[in-house]
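Peer 1: For the sequence shown, the residue numbers in the numbering used here are 50 to 172. For each residue, glycine too, the CB sits at the ideal point set by N, CA and C. For clarity, every value in this text was computed on a predicted model and none was experimentally measured. This is the structure, below, for whatever I ask next.
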Amino acid sequence: MEFSLQLAALLLVFVSFVHSYLGERYILTRLFKRNNIPHLFGSDDFTKRTLRFAWHLTSVAWIGFAAILWVIAQPELSRHSLLLVISVTFGLHFVFALIGSRGKHLSWLLFAAVSLFVFIGAS
50 MEFSLQLAAL
60 LLVFVSFVHS
70 YLGERYILTR
80 LFKRNNIPHL
90 FGSDDFTKRT
100 LRFAWHLTSV
110 AWIGFAAILW
120 VIAQPELSRH
130 SLLLVISVTF
140 GLHFVFALIG
150 SRGKHLSWLL
160 FAAVSLFVFI
170 GAS
């Protein structure tokens with residue numbers, strides 16, 4: 050059973066990198082060349098940044114799930130380890146949302162809070 054969970058985790062990491070690369074190359078770049086992207090805050094920059102960080106945030110979430118599967122596959126399941134993986138995953142969500150939106154998309158506040166509260170809960 051451990052091997053199947055580890056294999057699933059590795060597949061999730063693989064698909065997350067493929068998702069980000071192919072999405073950036075074939076979907077986002079083509080989408081951003083269009084002239085009918087909604088303008089928020091005076092331009093289409095916020096919309097493009099939001100779409101880009103949200104696209105890649107999916108990959109971060111999948112890598113977080115992969116880490117959870119990897120921890121579950123260990124002989125000694127540790128609640129502490131699971132909570133740390135979740136905290137780090139949402140910490141990365143916080144960073145991606147903050148940098149990706151230049152602080153304009155307020156999800157970074159919630160992701161930071163989730164990361165912090167889970168980290169506190171792990172202690």
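Going straight from the alpha carbon of G17 to that of D93, what length do you get?
Peer 2: With the chain running from 50 to 172 in the structure shown, residue 17 is simply not present.
Peer 1: Rounding to the nearest angstrom, what Cα-Cα distance links F160 and L61 in this structure?
Peer 2: Residue 160 sits at position 111 when you count from the first residue of the sequence shown. Residue 61 sits at position 12 when you count from the first residue of the sequence shown. Going from the Cα of F160 to the Cα of L61 covers about 22 Å.
Peer 1: Over what stretch of residues does the alpha helix (DSSP H) that includes E51 continue unbroken?
Peer 2: In the sequence shown, residue 51 corresponds to position 2, counting from 1. Per DSSP, the continuous alpha helix (DSSP H) segment holding E51 begins and ends at 51-71.
Peer 1: Short of 6 Å in beta carbon distance, which residues of its chain neighbour L133, apart from the five on each side in sequence? Order them along the chain.
Peer 2: In the sequence shown, residue 133 corresponds to position 84, counting from 1. Counting only Cβ-Cβ distances below 6 Å, and skipping sequence neighbours, we find A171.
Peer 1: Quick check on S92: does DSSP put it in helix, strand or coil?
Peer 2: Start at 1 with the first residue of the sequence shown, and residue 92 comes out as number 43. Strand.
Peer 1: If I measure Cβ to Cβ from F168 and keep anything under 7 Å in the same chain, skipping five residues before and after, which residues do I get?
Peer 2: Numbered from its first residue, the sequence shown carries residue 168 at position 119. Once the five neighbours on either side are set aside, the close Cβ partners of F168 are S136.
Peer 1: What residue from G91, R98, G140 has the CA that sits closest to T78's CA?
Peer 2: Within the sequence shown, residue 78 is the residue found at index 29, counting from 1. Measuring from the Cα of T78, the nearest candidate turns out to be R98.
Peer 1: Using 8 Å for Cβ pairs, my map puts G173 next to S164. What's the rounded Cβ distance?
Peer 2: A query on residue 173 cannot be resolved here, the shown segment of the chain reaching from 50 to 172 and no further.
Peer 1: Count Cβ pairs between the stretch 80-91 and the stretch 107-118 that sit closer than 8 Å; are there 3 or more?
Peer 2: no
Peer 1: In its own chain, which residues sit with a C-beta less than 7 Å from the C-beta of F81, not counting the 5 before and 5 after it?
Peer 2: Along the sequence shown, read from residue 1 onward, the residue named residue 81 stands at position 32. Result list for F81: K97, in chain order.
Peer 1: State the Cα-Cα distance for the pair A58 and G152, rounded to the nearest angstrom.
Peer 2: Position 9 of the sequence shown, counting from 1, holds the residue named residue 58. Position 103 of the sequence shown, counting from 1, holds the residue named residue 152. Our two residues, A58 and G152, have alpha carbons roughly 31 Å apart in a direct line.
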